[in-house]
Amino acid sequence: MNVVLELYRQDPASGGEGEFKSYELALEPTDRILDGLIRISRDMDGSLSFRKSCAHGVCGSDAMRINGKERLACKTLVQDVAENEGDVVRIEPLRHMTVQRDLMVDQQVFFEKFRSVKPFLIPQDEVQEKERIQSPEERALFDEATKCINCSACYSACPVLDDNPDFIGPAAIVAAARYVLRYMSIRVNSYLVSTAYRYRQKLW
Ligand code: SF4
Ligand code: FES
């Protein structure tokens with residue numbers, strides 16, 4: 143089927159304003175949006191910039207807004223966002239981060255906040271001679287929180303950041319929850335210095 147990918151294009155280095163540019167191409171309904179972007183980049187317009195690496199939903203580098211929703215381009219099929227011949231699929235960069243070029247954003251602020259969650263235990267009790275046993279059920283408590291791939295899609299979609307750019311963001315809270323639940327499950331009397339000082343007041 144023929145679809146039109148309407149892509150946000152901007153080159154801040156040259157001072158240009160952002161604009162949408164349309165590319166019509168034939169894609170299978172089961173092709174991924176990432177396949178379309180690669181085809182445009184290789185065959186139609188080599189100046190298009192976007193990130194991707196694994197192409198299998200693991201690295202988190204190709205998060206972007208597709209028809210107004212944050213998605214991974216490698217996990218979004220054409221049939222997920224286009225039904226009919228000639229349908230237009232609008233693709234934009236993530237929000238709350240500066241556009242570096244076209245669909246690429248500068249994720250520094252996202253990672254700075256994410257890394258402000260300290261990923262280690264600060265025990266308040268005596269050091270034990272043996273390991274702290276954890277049951278599979280206790281491990282399951284924070285299983286979902288271990289699956290974050292740092293794509294920053296949630297950071298883009300977060301409505302709190304619309305009003306408060308200093309908010310630490312959902313992914314950093316997920317990371318904090320992971321450590322809190324882990325410490326609870328191994329029954330450590332510990333405290334968690336969950337965020338760096340500048341974000342400490344802005345967790346909730
Ligand atoms: S928590 Fe946020 S950054 Fe992590 S995988 Fe989910 S959407 Fe991506
Ligand atoms: S390219 Fe790695 S998650 Fe899509």
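With positions in the sequence shown counted from 1, the corresponding number in the working numbering is that position plus 142. Here a beta-carbon is modelled for each residue, glycine too, at the ideal position from N, C-alpha and C.
- Here the distance from the Cβ of residue 312 to the nearest heavy atom of the ligand SF4 is below 7 Å.
- According to the DSSP assignment, residue 175 belongs to the alpha helix (DSSP H) that extends over 175 to 181.
- Boundaries of the alpha helix (DSSP H) around residue 255: 250 to 257.
- For residue 293, the shortest C-beta to heavy atom distance toward the ligand SF4 is below 7 Å.
- Scanning 169, 151, 295 for the CA closest to the CA of residue 207 turns up 295.
- The residue from 251, 193, 178, 243 with its alpha-carbon nearest to that of residue 218 is 178.
- For residue 221, the uninterrupted alpha helix (DSSP H) segment begins and ends at 220 to 223.
- By the neighbour-count criterion, in which 16 or more other beta carbons inside 10 Å mark a residue as buried, residue 175 falls on the buried side.
- Straight-line measurement puts the Cα of residue 203 at about 21 Å from the Cα of residue 172.
- Nearest to residue 149 by alpha-carbon distance, out of 273, 280, 303, 230, is 230.
- By the 16-neighbour rule on beta-carbons within 10 angstroms, residue 196 is exposed.
- Each of 277, 165, 250, 315 was checked against the Cα of residue 184, and the nearest Cα belongs to 165.
- For residue 193, the secondary structure class from DSSP, reduced to helix, strand or coil, is coil.
- Contact between the segment 247 to 260 and the segment 209 to 216 is absent: fewer than 3 CB-CB pairs across the two stretches fall below 8 Å.
- For residue 224 and residue 234, the gap between their C-alpha atoms comes out near 16 Å.
- Note on geometry: alpha-carbon atoms of residue 302 and residue 309 lie some 7 Å from one another.
- The criterion of a C-beta distance shorter than 8 Å is satisfied by residue 182 and residue 167.
- For residue 303, the enclosing alpha helix (DSSP H) stretches over residues 302 to 305.
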